[in-house]
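Undergrad: Below you will find the structure I want to go over with you.
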Amino acid sequence: MNFWWVNQNQTWQQEIENGYLWSPKSKSNGAYNQFYENMRHVKPGDIVFSYFRQQISFIGIVQQEAVTAAKPSEFGNAGSNWNTEGWLVPVEWHHSPISLYPANYIDELRPTLPDKYSPLQRRTGNGLQCVYLAEVPPEMAKVLLAHLGELGQQILDPSNAQNTEDELDISAEEMTLLDDFDLTEDENSSLDQELLARSDTSPEESFAASLSQSSAVRVEEPVIRLSEYHAERIEQLEQINELERANEHLRRRIEDLLRENQVLRQQASAKADIIPQLRGSLMNFWRRVSG
Numbered sequence: 222m223n224f225w226w227v228n229q230n231q232t233w234q235q236e237i238e239n240g241y242l243w244s245p246k247s248k249s250n251g252a253y254n255q256f257y258e259n260m261r262h263v264k265p266g267d268i269v270f271s272y273f274r275q276q277i278s279f280i281g282i283v284q285q286e287a288v289t290a291a292k293p294s295e296f297g298n299a300g301s302n303w304n305t306e307g308w309l310v311p312v313e314w315h316h317s318p319i320s321l322y323p324a325n326y327i328d329e330l331r332p333t334l335p336d337k338y339s340p341l342q343r344r345t346g347n348g349l350q351c352v353y354l355a356e357v358p359p360e361m362a363k364v365l366l367a368h369l370g371e372l373g374q375q376i377l378d379p380s381n382a383q384n385t386e387d388e389l390d391i392s393a394e395e396m397t398l399l400d401d402f403d404l405t406e407d408e409n410s411s412l413d414q415e416l417l418a419r420s421d422t423s424p425e426e427s428f429a430a431s432l433s434q435s436s437a438v439r440v441e442e443p444v445i446r447l448s449e450y451h452a453e454r455i456e457q458l459e460q461i462n463e464l465e466r467a468n469e470h471l472r473r474r475i476e477d478l479l480r481e482n483q484v485l486r487q488q489a490s491a492k493a494d495i496i497p498q499l500r501g502s503l504m505n506f507w508r509r510v511s512g
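Read in order, the letters of the sequence shown correspond to residues 222 to 512 in the working numbering.
The following block contains the structure:
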């Protein structure tokens, strides 16, 4: 089992909702790109860390090797300069109850970063924009998984996998989408028996099977509903941004008015000083005329 890191800032929603990775086969000018070439090296059972908005919130299990596929239509205008022929890798995505911000742990991660094709900046821990799919060394993967709670521990040690909502579900605080998808006691009992029957499988197979079984009801449906949820969240964020822009515009306008008021005060003060001088000059003038 190998580990991979995918930067999905432009297409995370489409790729996660539809269960895949997609990249062009080469740069727009036809040049070789190692991060696109890595798509050909992933194998079923490999683990993928999904990185967008400076955090890791989803972990994927590769289902099949890469196949040639056209650029997905759901990308829309995203990647408008990409070649239309590329690689597609089917992936089963699972939401992590704990969102990991790698920059917060760069001191731990820095010694484990690969010398070449690192997905993170060594100094800051921020993601590199030029990266799509990068290989993650095992030691780096261990650090990341150690900070991903029970789901990370389950990947590190599949033999101790526990099928609880806290491990596999989208957290109520983050998504609140799973209230209607609890398994009954009979379903849980049946699931436990199936997992016991799988005790002779390999660690990778055990992990993939336990995730697939325990998330069949509770995870797949919310993933389908992510589009509606995120559309609502994006709309809320846009409204907040609009209010912030309006507030900033109002603040600047108030500052302008205060400055204008200060100028008017200075001008009025100057006029007040000039008026007595004018009055004195006029009186002297009329004295001379009348005299």
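Beta carbons are placed, not taken as given, at the ideal position from N, Cα and C, and that holds for glycine. As the structure is a computational prediction, the values presented were derived from the model and not from experiment.
1) On the three-pair Cβ rule with 8 Å, is the stretch 307-319 touching the stretch 254-274?
2) With 16 as the cutoff for other CB atoms within 10 Å, does residue 361 come out buried or exposed?
3) Where does the unbroken beta strand (DSSP E) through residue 228 begin, and where does it stop?
4) In whole angstroms, what separates the C-alpha of residue 513 from that of residue 291?
5) From residue 472 to residue 457, what does the alpha carbon distance come to, in whole angstroms?
6) According to DSSP, is residue 291 part of a helix, a strand, or is it coil?
7) Write down the C-beta distance between residue 239 and residue 329 rounded to the nearest angstrom, noting that I regard them as a contact closer than 8 Å.
8) If you draw a straight line from the C-alpha of residue 475 to the C-alpha of residue 344, how long is it?
9) Is it the case that the Cβ atoms of residue 348 and residue 272 are separated by a distance below 8 Å?
10) Let me know if residue 463 comes out buried or exposed under the rule of 16 or more other beta-carbons within 10 Å of its beta-carbon.
11) Can residue 461 and residue 376 be called in contact, C-beta distance under 8 Å?
12) Assuming the contact rule is C-beta atoms closer than 8 Å, residue 359 and residue 226 should be a hit. Round their C-beta distance to whole Å, please.
13) Give me whichever residues DSSP pairs with residue 315 in a beta bridge.
14) With H, G and I counted as helix, E and B as strand and the rest as coil, what does DSSP make of residue 461?
15) Give me, in chain order, the residues of the same chain whose beta-carbon lies closer than 7 Å to that of residue 231; leave out the 5 immediate sequence neighbours on both sides.
16) Do you know how far the Cα of residue 236 is from the Cα of residue 385?
17) Give the straight-line distance between the Cα atoms of residue 374 and residue 366, rounded to the nearest whole angstrom.
18) Alpha carbons only, please: which of 285, 508, 355, 222 is nearest the one belonging to residue 257?
19) Compare the Cα-Cα distances from residue 254 to each of 318, 288, 303 and report the closest residue.
TA: Let me lay it out:
1) Touching, per the Cβ criterion.
2) Here residue 361 refers to the residue found at position 140 of the sequence shown. Per the 10 Å Cβ criterion, buried.
3) Within the sequence shown, numbered from 1, the residue matching residue 228 stands at position 7. That run of the beta strand (DSSP E) goes 224-228.
4) Any question about residue 513 goes unanswered here, given that the chain covers just 222 to 512.
5) Counted from its first residue, the sequence shown places residue 472 at position 251. Counted from its first residue, the sequence shown places residue 457 at position 236. Using only the alpha carbons, I get a separation of about 22 Å.
6) Walking along the sequence shown from the start, residue 291 turns up at place 70. Strand at residue 291.
7) Here residue 239 refers to the residue found at position 18 when the sequence shown is read from its first residue. Here residue 329 refers to the residue found at position 108 when the sequence shown is read from its first residue. With 8 Å as the limit, residue 239 and residue 329 do not qualify as a contact, their Cβ atoms being about 33 Å apart.
8) Along the sequence shown, one-based indexing puts residue 475 at 254. Along the sequence shown, one-based indexing puts residue 344 at 123. The straight-line gap from Cα to Cα measures roughly 41 Å.
9) In the sequence shown, residue 348 corresponds to position 127, counting from 1. In the sequence shown, residue 272 corresponds to position 51, counting from 1. In contact: residue 348 and residue 272 (Cβ atoms closer than 8 Å).
10) Within the sequence shown, residue 463 is the residue found at index 242, counting from 1. Result: exposed.
11) Numbered from its first residue, the sequence shown carries residue 461 at position 240. Numbered from its first residue, the sequence shown carries residue 376 at position 155. Going by C-beta atoms, residue 461 is not nearer than 8 Å to residue 376.
12) Within the sequence shown, numbered from 1, the residue matching residue 359 stands at position 138. Within the sequence shown, numbered from 1, the residue matching residue 226 stands at position 5. In fact, because the Cβ distance is near 13 Å, the residues do not count as touching under 8 Å.
13) Position 94 of the sequence shown, counting from 1, holds the residue named residue 315. The secondary-structure analysis by DSSP pairs residue 315 across a beta bridge with 280.
14) Here residue 461 refers to the residue found at position 240 of the sequence shown. Note: residue 461 maps to helix in three-state DSSP.
15) Start at 1 with the first residue of the sequence shown, and residue 231 comes out as number 10. Same-chain partners within the cutoff: 299, 300.
16) Indexing the sequence shown from 1 puts residue 385 at position 164. Indexing the sequence shown from 1 puts residue 236 at position 15. Low per-residue confidence applies at residue 385: pLDDT is 41, beneath 50, and the placement is therefore not dependable enough to give any value.
17) Here residue 374 is taken as the residue at index 153 of the sequence shown, counted from 1. Here residue 366 is taken as the residue at index 145 of the sequence shown, counted from 1. Their backbone Cα atoms lie some 7 Å apart in a straight line.
18) For the purposes of this step, residue 257 is identified with residue 36 of the sequence shown, where counting begins at 1. That would be 355, whose Cα lies nearest to the Cα of residue 257.
19) Against the sequence shown, residue 254 aligns to sequence position 33. That would be 303, whose Cα lies nearest to the Cα of residue 254.
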